[in-house]
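In our numbering, the protein residues as written are 21 to 200. Glycine included, each C-beta is placed from N, C-alpha and C at the ideal position. Heads up: the structure comes next, in structure tokens.
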């Protein structure tokens, strides 16, 4: 059964003022993206100030690889969100009830594969990005630390996209502030 709040959100998405809805949905999403960017900035700030320039250079080499990994989370989340949005629009409660479980399974499987492959080839990827000596060591440490937590990051990002598709934009912004 669809709750009254869900029904109200669905009606707003389907029949509401599009300009108002665009701002209502985009402002919290933009704040969430800023929080994620702030996380990377703080990593770089601490590395550069307290560990040294080699650590900062290592992070710079790891970030393009990490961005690709984040792309997998976005793909899972956006794909699930697309299916959820269509199911909401069609009133297909059966499909809506299956999506979250599928998202969890897919996120865990993909992230475990990424973790295994990434941890095994992390140093080689940093070398491929141009790392040498101490920079490679620092970049590999940062990347391996990131990759070991990737299951949680991928799950969080994929779930974030799915929650947004249900119209709960403020909730995802609160989670961004709490968990970044």
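When DSSP states are grouped into helix, strand and coil, residue 149 belongs to the coil group. In this structure, residue 182 and residue 120 form a Cβ contact; the two beta carbons are roughly 7 angstroms apart against a cut-off of 8 angstroms. For residue 122, the secondary structure class from DSSP, reduced to helix, strand or coil, is helix. Straight across, the Cα-Cα distance linking residue 113 with residue 180 is about 20 angstroms. In its chain, beyond the 5 residues on either side, 146, 149, 151 and 159 have a beta carbon closer than 6 angstroms to the beta carbon of residue 81. The C-beta distance from residue 178 to residue 91 rounds to 12 angstroms, too long to meet the 8 angstroms contact threshold.
Between the C-alpha atoms of residue 37 and residue 46 there is a straight-line separation of about 14 angstroms.
Of the candidates 58, 164 and 104, the residue whose Cα lies closest to the Cα of residue 141 is 164.
Residue burial annotation: residue 130 is buried, with at least 16 other C-beta atoms found within 10 angstroms of its C-beta. Secondary structure of residue 35 (DSSP, three-state): helix. If you look at residue 99, you'll find it in the alpha helix (DSSP H) that goes 73–110. The three-state secondary structure of residue 169, taken from DSSP, is coil.
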